[in-house]
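Q:
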Amino acid sequence: MPINVWDYLREYDELRDEILAAVDRVFRSGRLVLGQEGIKFEREMAAYLGVGDGVGVNSGTDAIYIALAALGVKAGDEVITVPNTAVPTVSAIQTLGAIPVFVDVRDDDFLMDVDQVEAAITPRTTVIIPVHLYGQCVDLDPLMAVARKHGLKVMEDCAQSLGALYKNRPSGSIGHAASFSFYPTKVLGAYGDGGILLSDDAEVVRLARSLRFYGMETQYYSERHGYNSRLDEVQAAILSLKLPRLDGWIERRRAIAARYNKALAGSGLALPRENAHSRHNYYVYVVEHETDRDGVLERLAKRDIHCNVSYRWPIHIMRGTADLGYREGQFPVAERKAKRVFSLPMYPHLTDEEVETVIDVLKDVV
Ligand SMILES: Cc1ncc(COP(=O)(O)O)c(C=O)c1O
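Each residue of the sequence shown is one higher than the one before, starting from 8 at the first, in my numbering.
#1: Starting from D164 and walking both ways along the alpha helix (DSSP H), at which residues does that stretch end?
#2: Run through the DSSP bridge pairs and tell me what M151 is partnered with.
#3: Can you tell me which of the three DSSP states T364 falls into?
#4: Kindly identify the DSSP beta-bridge partner or partners of T225.
#5: Between which two residues does the beta strand (DSSP E) carrying A184 extend?
#6: Enumerate in chain order the residues of its own chain whose CB-to-CB distance from P339 is below 6 Å, with the five nearest sequence positions on each side excluded.
#7: What is the DSSP secondary structure of V108, reduced to helix, strand or coil?
#8: Assuming the contact rule is C-beta atoms closer than 8 Å, L218 and I73 should be a hit. Round their C-beta distance to whole Å, please.
#9: Helix, strand or coil for E295, going by three-state DSSP, please let me know.
#10: Using only CA atoms, which one of D120, S229, K370 lies nearest to H296?
#11: Is any non-hydrogen atom of ligand 3 found closer than 8 Å to the C-beta of T102, if you look at the structure I gave you?
#12: Just to confirm the assignment, what range does the beta strand (DSSP E) spanning V97 have?
#13: Name the DSSP bridge partner or partners of D20?
#14: Taking 8 Å as the cut-off, is the C-beta of P95 nearer than that to any heavy atom in ligand 1?
#15: Using only CA atoms, which one of V89, N288, E224, T328 lies nearest to V194?
#16: Would you mind giving the Cβ-Cβ distance between K160 and A154, rounded to the nearest angstrom? I have them listed as a contact below 8 Å.
#17: Determine contact between the segment 16 to 28 and the segment 130 to 138, defined as no fewer than three beta-carbon pairs at a distance below 8 Å.
#18: Skipping 5 residues on each side, what residues in its chain have a beta carbon closer than 7 Å to that of G42?
#19: Use the C-beta contact count for K81: other C-beta atoms within 10 angstroms, 16 or more gives buried, fewer gives exposed.
#20: Going along the chain, which residues of its own chain have a beta-carbon closer than 6 Å to the beta-carbon of L142, five neighbours each way excluded?
#21: Comparing the CB of G202 with every heavy atom of ligand 1, is any distance shorter than 8 Å?
#22: May I ask which residues mark the beginning and end of the beta strand (DSSP E) holding L351?
#23: Check this for me: beta carbons of G59 and D208, under 9 Å apart or not?
#24: Whole angstroms is fine: what's the gap from E281's alpha carbon to F117's?
#25: Do you know whose CA, among E363, N91, T328, R300, lies nearest V373's CA?
#26: Assuming T3 contacts T96 under a Cβ cut-off of 8 Å, what Cβ separation, rounded to an integer in Å, is found between them?
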């Protein structure tokens, strides 16, 4: 049997009756979009994170640009983030006609190097997006201090970090707004696309509700340029029944990570490090091979162990962002890591036996 980096079918086997009952409830309710399921789930997420309120949208990407727009970002503004993130962090900024400005990441945790942020601020900067990549939080206290000093907003990209903690505070509860993705592979995955943004600021929430609904506050009357992006009732109902299980699933991910940490120490791979300030959710378990990442991946695949690389190319050197004018060599840490990283199989329904197989084969091929 192949061991894949991620799989949802065992989860579906476990939850099938509940999921189908929820889908049936929605279909029979007579309301498929913007109904009670969505409202309920927005409240549950806000309560889980201890944040004022949430606005369900169609994806994590939409959550980013709608949150940015609600925070006041407009065309020509500069938004500071990192080049080693998922493409959508950057494309969401560009959707608004704003300009992504990159700072490099740290060598130890692969997260935004907060010490570089101040030098990247210009009079056009309005927002900073820390990306809590892989499920671990950027060092937010110094970042919030820089933002305060310069009158900027912080929008946390929590697509990968739901359930992670920063100094015992939930990821997504510290910045001025936060965006989450429910893409199926995420720690809380929908059965399709989905996303949410949250904020303690009632005005940001009010604007976001309008922006996701063609800019309307009253039906058929637009107050501002808006979009169509709503978390549909079916996905909200499924996410609601999964949310109470999330902490248990994260515990299981952490147990698998602890086993990998122990068994792979000294194997020649660099292992992920959990920061003292952060509780990792192990959305992905990312290791580094210094010289032959692709060879290792090939040998693993031959033995039916399928890993993933997130991400093979830093965004500043992609053709899709050539217009930003960056060149190779500008963000050496991100560039070096992109050549070395890969993620091991990691999801809560992975069995102990499969984890041991991954470890044995990996040690062998490395
Ligand atoms: C860091 C990051 N930001 C944003 C997104 C976008 O989320 P979605 O795929 O739901 O649009 C993702 C997921 O792909 C992500 O990993």
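Built from N, CA and C at the ideal position, the CB exists for glycine as well.
A: Let's see:
#1: D164 -> not in any alpha helix (DSSP H); beta strand (DSSP E) instead, spanning 160 to 164.
#2: Residue pairing by DSSP places M151 opposite no residue, since no beta bridge is assigned to it.
#3: In this structure, T364 counts as helix in the three-state DSSP scheme.
#4: In DSSP, T225 forms a bridge with Y228.
#5: Looking at the DSSP string, the run of the beta strand (DSSP E) that includes A184 is 184 to 188.
#6: Here the set comprises nothing.
#7: Judged by DSSP in its simplified three-state form, V108 adopts strand.
#8: About 5 Å separates the beta carbon of L218 from that of I73, a gap short enough to meet the 8 Å contact definition.
#9: Looking at E295 - three-state DSSP - the assignment turns out to be strand.
#10: Comparing alpha-carbon positions, the option among D120, S229, K370 lying closest to H296 turns out to be K370.
#11: Looking for ligand 3 in the displayed structure turns up nothing; the ligands present are ligand 1.
#12: Here V97 belongs to no beta strand (DSSP E); instead the alpha helix (DSSP H) covers 94 to 102.
#13: By DSSP's assignment, D20 forms no beta bridge with any residue.
#14: Yes.
#15: Comparing Cα positions, the closest option is N288.
#16: With a Cβ gap of about 7 Å, K160 and A154 count as contacting.
#17: The way I'd put it, the segment 16 to 28 doesn't touch the segment 130 to 138; fewer than three beta-carbon pairs between them come closer than 8 Å.
#18: For G42, the CB contacts under 7 Å within the same chain, skipping 5 residues up- and downstream, are S36, E240 in chain order.
#19: Counting Cβ neighbours within 10 Å, K81 comes out exposed, since fewer than 16 surround it.
#20: Looking at the sequence itself, residue 142 is Gly, so the reference to Leu does not match. These residues qualify, in order along the chain: Q167, S168, A171, H287, N288, Y289, Y290.
#21: The answer is yes for G202.
#22: Per DSSP, the continuous beta strand (DSSP E) segment holding L351 begins and ends at 348 to 351.
#23: Contact annotation: G59 and D208 have beta-carbon atoms nearer than 9 Å.
#24: Rounded to whole angstroms, E281 and F117 show a C-alpha spacing of 11 Å.
#25: Ranking the options by Cα distance to V373, first place goes to R300.
#26: Since the first residue shown for the chain is 8 and the last is 373, residue 3 is missing from the structure and cannot be characterised.
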